[in-house]
Amino acid sequence: MTPETLSPILLGSVGSLLAGLLTAVGAAPILFMDPPTERRERVLLGFSAGVMLAASFFSLIMPGVEVLEKAGNGPAVAAAIMALAVALGAGGIAALNRLAPVDHLVIGPSGDPTGMIRRIWLFVIAITLHNFPEGMAVGVSFGGGDFDQGLATAVGIGVQNMPEGLAVAASLATLGYSRGWAFAAALASGLVEPLGGLLGVLVVVNVGWLLPWGLGIAGGAMIYVVAAEIIPLSQREDEDGHAILALMVGLVGMMFLDIALG
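In structure tokens, the structure reads:
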């Protein structure tokens with residue numbers, strides 16, 4: 099029995115599960131790190147912001163445009179559809195922030211006067227949301243019947259999940275959560291991917307057009323959270339410029355991974 103003879107549903111589900119589990123591999127260093135100082139908090143948040151900005155464009159928006167163009171849409175139409183999806187994603191997170199503030203859900207309305215918990219939890223939610231369409235991308239790749247393409251997609255997304263896992267765990271560590279709790283949250287964010295993978299396999303034939311919309315909406319959600327919440331938080335009292343340097347390191351590193359792994 100060869101991989102090509104296995105059920106696409108099985109391959110898509112297992113492939114997306116393994117890709118999602120690499121989120122935990124990336125988060126593992128948090129188990130051995132000392133509690134972050136205020137300076138380290140800013141650096142970790144800056145790094146997380148850079149990773150997410152690169153992932154938004156190179157892992158979500160650009161692949162979404164490629165899917166639309168392969169479906170027969172011209173560049174202008176593909177760009178317009180993706181722009182609308184990005185706007186919907188950003189608008190959805192903005193509405194969530196206004197109608198159901200995350201800090202109320204976590205610590206109650208009287209706590210956290212700086213809003214840091216709200217900002218970081220929005221960040222974690224945005225990463226978790228973006229893992230779903232990434233899992234769908236793996237499922238769709240296997241569902242198309244090309245094992246090599248599916249494997250390449252799973253490996254690429256899995257490797258880029260590693261810095262994302264560290265971003266989640268490090269962000270929660272800045273709030274004082276225990277190492278184990280921060281690691282578990284990063285693992286949970288990655289386990290959204292097999293759900294997306296299973297759905298991607300099941301719908302690839304009938305409603306495959308949903309994939310680029312999911313990619314764009316997730317990208318818009320992440321860009322909004324990073325720009326409106328995480329970058330300002332990382333820049334607070336960052337006179338030495340270490341946070342912005344960490345942002346560039348995260349952005350360039352993630353960009354390299356996305357481009358190099360295709």
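The numbering used here runs 98 ahead of the 1-based position in the sequence shown.
A virtual CB, placed ideally from N, CA and C, is assigned to each residue, including glycine.
Fair warning: this is a prediction, and the values are worked out from it, not measured in the lab.
| Check | Outcome |
| --- | --- |
| C-alpha distance - Leu-308 paired with Asp-132, whole-angstrom precision | 43 Å |
| Leu-115 burial status per 10 Å Cβ neighbour count (16 or more: buried) | buried |
| Where Ala-169 sits in the DSSP three-state scheme | coil |
| DSSP-derived helix/strand/coil call for Glu-337 | coil |
| Candidates Arg-137, Ala-117, Leu-129, Pro-106: closest to Glu-337 by CA position | Arg-137 |
| 9 Å Cβ cutoff met for Phe-145 and Gly-288 | no |
| Between the CA atoms of Ala-326 and Gly-314 - distance to the nearest angstrom | 18 Å |
| Residues near Leu-129 in its chain [Cβ-Cβ closer than 6 Å; skip 5 each side] | Arg-277, Phe-281 |
| At least three beta-carbon pairs within less than 8 Å, the stretch 289-301 to the stretch 261-275 | no |
| For Tyr-361, three-class secondary structure by DSSP | Given a span of 99 to 360 for the chain in the structure shown, any question on residue 361 remains unanswerable. |
| Between the CA atoms of Ala-125 and His-202 - distance to the nearest angstrom | Any reading at His-202 needs caution, since the residue's pLDDT is 42, under 50, leaving its predicted position unreliable; the model's value is listed next. Taking the straight line joining both Cα atoms gives about 26 Å. |
| Neighbourhood of Met-346 by C-beta distance below 7 Å, restricted to the same chain and skipping five residues each side | Gly-148 |
| Cα-Cα separation between Ala-252 and Ala-235, rounded to whole angstroms | 8 Å |
| Straight-line Cα distance separating Met-353 from Phe-155 | 9 Å |
| Ordered list of beta strand (DSSP E) runs contained in the stretch 118-151, each at least 3 residues | none |
| C-alpha gap between Leu-142 and Thr-121, whole angstroms | 17 Å |
| Same chain, Cβ closer than 6 Å to Pro-211, five either side skipped, listed in chain order | Per-residue confidence for Pro-211 stands at a pLDDT of 46, beneath the threshold of 50, marking its modelled position as unreliable; the derived number appears in the next sentence. Correct list: empty, nothing qualifies. |
| Local Cβ density within 10 Å of Ser-105, reported as buried at 16 or more and exposed below that | exposed |
| Cβ shell of Val-290 (< 6 Å), same chain only, five flanking positions each side left out | Thr-226, Asn-229, Phe-230 |
| Ser-105, DSSP secondary structure in three states | coil |
| Test item: CB-CB of Ile-191 and Gly-318 under 9 Å | yes |
| Length of the line joining the Cα atoms of Gly-256 and Gly-118 | 6 Å |
| Coarse secondary structure for Trp-311, derived from DSSP in three states | helix |
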